[in-house]
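In what follows, a structure is listed as structure tokens, so that the remarks can point back to it.
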Amino acid sequence: MPKAGDTLWDIARDEVEKRENSGHDGERVEVWEKSVLFMGSKNGGKTTIILRCLEREEIPKPTLVLEYTFGRRARRHNAPKDIAHFWEIGGGTSLQELIRIPITVNNIRSFAVVLVLDLSKPNELWMTMENLLQATRNHVNKILAKLEKTDHEVAAEIKQKMQNNLQRDHPDYDLVDPFPIPLVIIGSKYDIFHEFDSEMRKIISRTLRFVSHYYGASLVFTSKSEALLLKARALINHLAFGYDRSKSVSVDHSKPLFIPAGLDSLSQIGPPPTSDSNIGKLRANTPLELWKKVFEKTFPPKSFSGLQDSKDPAQDSQYAEYEVDVMRAQKNQELEQYKRNASKSWKEMDFDPD
């Protein structure tokens with residue numbers, strides 16, 4: 001109850017403190033806004049997943065560059081609504097430099113990443129995953145390096161939070177390399193993947209289990225099935241709105257995987273799926289590199305250029321803007337005229353012989 005003489009500011013401050021300290025099991029309730037970046041395979045279903053998470057009945061459109069939307073949701077009855085910012089990078093790996101736009105020093109404490117991988121295209125899977133995660137990690141590490149100098153406590157808090165995904169007494173605690181910010185890996189198009197040969201499915205599933213566990217990430221397989229989308233939504237709602245994390249686990253390779261961060265183990269995943277004699281011939285500096293070599297032996301990667309998006313968004317009719325397009329056409333004509341004039345000038349110049 002407000003005390004006599006309390007100002008409106010005092011009451012508001014007390015209410016905020018009450019919210020911050022009202023978490024379950026003594027955990028502090030985070031009241032800041034959350035941000036989630038969706039990236040991954042081109043046409044992998046990222047937009048569909050976002051719309052389902054926000055319960056929007058819209059027909060998904062292709063994401064060509066960087067899209068933004070947001071959602072609001074209350075975690076408890078009569079509680080203020082939290083805000084989640086959703087960013088999505090289109091174009092597969094071709095626009096990975098845009099990762100630095102949504103992830104900043106101001107929101108790094110409350111940022112998470114969702115990597116969507118198309119299970120129906122295993123030959124593109126590792127390269128897509130590797131390029132996007134490495135680009136994200138490099139950018140986040142630069143931010144953390146700056147924070148080390150300006151706010152060491154915050155930088156240490158972020159690192160410790162990721163270490164806490166795995167209990168200190170977990171047998172793999174010293175064998176993994178947690179991603180610097182929360183990460184969910186979604187294997188999409190499970191309906192197509194399910195028709196693959198069982199041995200191929202096992203290799204892909206075990207590899208993604210290893211990568212997810214190694215990075216301290218959650219893993220879920222999904223499709224257009226409502227039941228599977230709900231499982232993916234549960235993991236994302238945990239990141240975006242602080243909902244309770246699901247503790248159910250499904251590691252049966254004949255079924256869609258669902259493994260929240262920290263609930264798998266290297267002993268359950270097993271060694272890379274190849275013979276002992278072949279493993280001895282493979283040279284690798286890290287466990288991750290070893291799994292990559294084994295995976296790409298079965299699913300040779302497509303060339304990186306083949307994964308680039310060659311379509312020019314400026315030529316897409318759905319983004320037409322009359323005034324802009326007229327000016328662009330005019331500037332193109334001026335550029336062509338300049339090239340012709342420049343070409344004539346060079347031809348007419350009389351160079352002295354050496």
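Using UniProt numbering, the letters of the sequence shown map in sequence onto residues 1 to 354.
Note that beta-carbon positions come from the ideal geometry of N, C-alpha and C, so glycine has one too.
Everything numeric in this text was worked out from a predicted model, so none of it was measured.
N- and C-terminal bounds of the alpha helix (DSSP H) containing Tyr-214: Looking at the DSSP string, the run of the alpha helix (DSSP H) that includes Tyr-214 is 198–214.
In angstroms, rounded to a whole number, what distance separates the CA positions of Lys-292 and Trp-126? So the alpha carbons of these two residues sit roughly 7 angstroms apart.
Could you tell me the boundaries of the alpha helix (DSSP H) in which His-152 lies? Unbroken alpha helix (DSSP H) run through His-152: 152–163.
So, using beta-carbon positions, are Tyr-215 and Asp-177 closer together than 8 angstroms? Yes, the Cβ-Cβ distance between Tyr-215 and Asp-177 is below 8 angstroms.
For Leu-166 and Gly-262, believed in contact at Cβ under 8 angstroms, the rounded distance: Right, their Cβ atoms sit about 5 angstroms apart.
What residue range is occupied by the uninterrupted alpha helix (DSSP H) comprising Phe-295? That run of the alpha helix (DSSP H) goes 287–298.
Ignore the nearest five residues each way along the sequence and tell me which others in Pro-122's own chain have a CB closer than 6 angstroms to its CB. Counting only Cβ-Cβ distances below 6 angstroms, and skipping sequence neighbours, we find Ile-204, Phe-299.
Going by other Cβ atoms of all chains shown within 10 Å of its Cβ, with 16 needed for buried, is Pro-62 buried or exposed? Pro-62 is exposed by the Cβ-count criterion.
On the DSSP bridge assignment, give the partners of Thr-69 in chain order. Residue pairing by DSSP puts Thr-69 in a beta bridge opposite Phe-86.
Please work out which residues of its chain come closer than 8 angstroms, Cβ to Cβ, to Glu-157, disregarding the five sequence neighbours upstream and downstream, and give them in chain order. Excluding positions up to five away in sequence, the list reads Arg-109.
Taking three-plus beta-carbon pairs below 8 angstroms as touching, is the region 211–227 in contact with the region 172–191? Yes, they touch.
Determine the direct distance from the alpha carbon of Gly-242 to that of Asp-82, and round the result to whole angstroms. Answer to the nearest angstrom: the Cα atoms are 9 angstroms apart.
Taking Leu-54 as the reference, which of Pro-273, Leu-147, Glu-289, Ala-232 has the closest Cα? It is Ala-232.
Taking the alpha-carbon positions, what's the Asp-151 to Thr-286 distance? Thr-286 has its alpha-carbon roughly 32 angstroms from the corresponding atom of Asp-151.
Within the continuous alpha helix (DSSP H) that includes Lys-231, where are the two ends? Annotation: the continuous alpha helix (DSSP H) that includes Lys-231 extends over 226–241.
DSSP three-state call for Phe-221: helix, strand or coil? Look at Phe-221 here: in three-state DSSP terms it is strand.
For residue 402, three-class secondary structure by DSSP: Because the chain is modelled from 1 through 354, residue 402 falls outside the range shown and cannot be assessed.
List the endpoints of the continuous alpha helix (DSSP H) containing Phe-193. Per DSSP, Phe-193 belongs to the alpha helix (DSSP H) from 190–193.
Check Val-249 in the structure and name its three-state DSSP category. The answer is coil: DSSP assigns Val-249 none of H, G, I, E or B.
Whole angstroms is fine: what's the gap from Gly-90's alpha carbon to Phe-111's? Cα to Cα, the separation comes out at about 19 angstroms.
In its own chain, which residues sit with a C-beta less than 6 angstroms from the C-beta of Ala-240, not counting the 5 before and 5 after it? Around Ala-240, the same chain offers Lys-34, Val-36, Ala-84 as residues with beta carbons nearer than 6 angstroms, after the five sequence neighbours per side are excluded.
Taking 7 angstroms as the limit between beta carbons, can you name the residues of its chain near Thr-48, skipping five residues before and five after? The answer, listed in chain order, is Pro-60.
How is the beta strand (DSSP E) around Lys-46 delimited, first residue to last? That residue, Lys-46, is in no beta strand (DSSP E); its alpha helix (DSSP H) goes 46–53.
8 angstroms contact criterion, which Leu-266 and His-213 should meet: CB distance rounded: Their Cβ separation, rounded to whole angstroms, is 7 angstroms, which keeps Leu-266 and His-213 in contact under 8 angstroms.
Using DSSP with H/G/I as helix, E/B as strand and the rest coil, what is Leu-257? In the three-state reduction of the DSSP assignment, Leu-257 falls in the coil class.
Just verifying my parser: in three-state terms, what is the DSSP assignment at Glu-334? In this structure, Glu-334 counts as helix in the three-state DSSP scheme.
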